[in-house]
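Reading the sequence shown from the start, the letters are residues 1 to 371 in the UniProt record's numbering. Glycine is no exception: its CB is placed at the ideal position from the N, C-alpha and C atoms.
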Amino acid sequence: MSSGEHDGTSSQLNKFEKLSWRPLNSDSGSKKRTRWLLARRIFSPSCPNLRIPNRFLREGHCVPPARSGHRCVADSTNLYVFGGFNPDFEEAGGSENEDYPLFRELWRFHFATATWQQIHTEGYMPTELASMSAVLHGNNLLVFGGTGIPFGENNGNDVHVCNVQYKGWNLLNCRGKKPNKIYGQAMVIINGYLYVFGGTTGYLYSTDLHRLDLTTREWTHLKPNNAPSDLPEERYRQSREVKRCSRQGEETLRLEVFICGGYNGELILSDLWKINLQTFQWTKLPAAMPEPAYFHCAAVTPAGCMYVHGGVVNTSGNRRTGSLYKVWLVVPSLLELTWEKLLKTFPHLDQLSTLQLLSMGLTHALIQRLK
Numbered sequence: 001m002s003s004g005e006h007d008g009t010s011s012q013l014n015k016f017e018k019l020s021w022r023p024l025n026s027d028s029g030s031k032k033r034t035r036w037l038l039a040r041r042i043f044s045p046s047c048p049n050l051r052i053p054n055r056f057l058r059e060g061h062c063v064p065p066a067r068s069g070h071r072c073v074a075d076s077t078n079l080y081v082f083g084g085f086n087p088d089f090e091e092a093g094g095s096e097n098e099d100y101p102l103f104r105e106l107w108r109f110h111f112a113t114a115t116w117q118q119i120h121t122e123g124y125m126p127t128e129l130a131s132m133s134a135v136l137h138g139n140n141l142l143v144f145g146g147t148g149i150p151f152g153e154n155n156g157n158d159v160h161v162c163n164v165q166y167k168g169w170n171l172l173n174c175r176g177k178k179p180n181k182i183y184g185q186a187m188v189i190i191n192g193y194l195y196v197f198g199g200t201t202g203y204l205y206s207t208d209l210h211r212l213d214l215t216t217r218e219w220t221h222l223k224p225n226n227a228p229s230d231l232p233e234e235r236y237r238q239s240r241e242v243k244r245c246s247r248q249g250e251e252t253l254r255l256e257v258f259i260c261g262g263y264n265g266e267l268i269l270s271d272l273w274k275i276n277l278q279t280f281q282w283t284k285l286p287a288a289m290p291e292p293a294y295f296h297c298a299a300v301t302p303a304g305c306m307y308v309h310g311g312v313v314n315t316s317g318n319r320r321t322g323s324l325y326k327v328w329l330v331v332p333s334l335l336e337l338t339w340e341k342l343l344k345t346f347p348h349l350d351q352l353s354t355l356q357l358l359s360m361g362l363t364h365a366l367i368q369r370l371k
């Protein structure tokens with residue numbers, strides 16, 4: 001790789017990019033043929049993206065309204081956004097939002113087409129829609145805890161599962177002693193176990209650590225051997241974004257945790273930090289959120305790109321945002337760089353058939369990202 005190419009890949013690192021989006025395009029027929037002919041012109045100019053203002057949205061709105069207290073998860077293809085809170089009556093959907101000031105809804109942002117879509121699901125969607133925790137396990141979105149209105153008095157301690165492929169919710173029937181009804185806790189899946197740490201009832205803060213065996217569906221309260229003075233302080237809304245970074249030719253697996261934004265009681269923060277869990281060393285990264293926020297949500301793709309959505313951006317006016325940003329936490333692979341360039345050059349690849357995409361040289365894995 002030339003020095004120029006190397007500089008190009010490095011320039012993607014630690015730079016926040018605000019994303020625009022396009023409306024869902026449902027037309028077909030002869031237009032598909034036109035797009036196919038355009039796609040074959042490899043060096044044709046990029047088609048400009050349409051932009052939609054993120055306000056004055058009602059039933060059938062095209063993008064999620066501004067919110068805070070929501071959660072998001074990501075895979076290689078989509079960002080999923082669940083729940084949230086906005087006390088502004090108009091921004092929250094007005095009289096058409098039966099759950100005002102909460103959002104009882106699930107959205108997805110499709111990376112390849114830069115489109116938002118509200119996912120209409122079956123089954124019982126949880127009503128604790130603020131400060132819950134969420135993880136993506138295969139095609140299953142697991143949601144635990146959270147609070148409804150009034151905050152702190154309508155908490156949950158159930159595990160709800162939504163299969164994002166089949167668009168159905170189910171309540172996970174569990175054995176053992178459940179954690180308390182809490183919100184603001186952290187959650188992660190490791191080796192088939194779901195770990196839940198911290199949180200609050202609205203009155204008491206916790207350092208409890210619970211583990212759910214996803215095979216037997218049994219809860220266990222993990223009690224530390226430390227003296228009480230050696231335990232971390234009780235806390236709420238701690239968060240983590242874990243990125244496992246592996247590179248060809250490397251035998252070691254780097255495990256890092258990233259945090260961005262937040263609120264220190266005086267200022268809304270915009271900084272980006274990481275800690276290496278092997279060396280326990282903190283590093284401040286040379287990046288800043290263009291729109292400082294707290295009570296936002298963030299998720300990292302398997303390739304190492306972090307997406308940040310929503311949050312509170314003004315303390316005096318208590319204003320929220322619906323903006324979406326991305327930032328590469330690792331130098332993108334050549335595959336990811338090529339894929340992004342291809343999508344920008346041909347924004348309508350999703351309109352082509354599988355045979356047409358294969359004839360262009362796309363792999364089955366990349367074609368799946370267009371679905």
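- In this structure serine 133 is not in contact with threonine 147, their Cβ atoms being roughly 12 Å apart against a cut-off of 8 Å.
- Membership of histidine 364 in the alpha helix (DSSP H) is indicated by the continuous run 364 to 369.
- By the Cβ test, the segment 313 to 322 is in contact with the segment 289 to 297, since at least three Cβ pairs between them sit closer than 8 Å.
- Tyrosine 80 and glutamate 336 have their C-alpha atoms some 20 Å from each other.
- A contact between stretches requires three or more CB pairs, one per stretch, nearer than 8 Å, and the segment 172 to 182 meets this requirement with the segment 141 to 161.
- If you ignore the 5 residues before and after leucine 102, its C-beta comes within less than 6 Å of the C-beta of Phe85, Leu129, all in its own chain and listed in chain order.
- Remark: C-beta atoms of histidine 309 and proline 64 approach each other more closely than 9 Å.
- Remark: C-beta atoms of valine 300 and lysine 274 do not approach each other more closely than 9 Å.
- By the C-beta density criterion, valine 312 is buried, having at least 16 other C-beta atoms within 10 angstroms.
- Uninterrupted beta strand (DSSP E) stretches at least 3 residues long and entirely within the segment 302 to 362 occur at 305 to 309, 312 to 314, 324 to 328, given in chain order.
- No residue range can be given for aspartate 158, since it is assigned to no beta strand (DSSP E) and is classified by DSSP as neither H nor E.
- Counting the other Cβ atoms within 10 Å of the Cβ of tyrosine 166 gives fewer than 16, which makes it exposed.
- Straight-line spacing of the CA atoms in glutamine 351 and histidine 296 works out to 33 Å.
- For a cut-off of 8 Å, the C-beta gap from cysteine 62 to tryptophan 116 is around 6 Å, short enough to register as a contact.
- Sixteen is the threshold: when 16 or more other Cβ atoms of the shown chains lie within 10 Å of the Cβ of proline 126, as they do, the residue is buried.
- The residues Leu106, Cys162, Lys167, Gly168, Trp169, in chain order, have a CB closer than 7 Å to that of threonine 121 in the same chain once the five nearest residues on each side in sequence are set aside.
- Around the C-beta of histidine 210, 16 or more other C-beta atoms lie within 10 Å, and the residue is accordingly described as buried.
- A direct Cα-Cα distance of roughly 10 Å separates tyrosine 193 from glutamate 218.
- When rounded, the separation of the alpha-carbon atoms in leucine 277 and lysine 284 is 15 Å.
- Here glycine 94 is not near glycine 145, since their CB atoms are 9 Å or more apart.
- Cβ atoms of lysine 341 and glutamate 17 stay farther apart than 8 Å, at about 14 Å.
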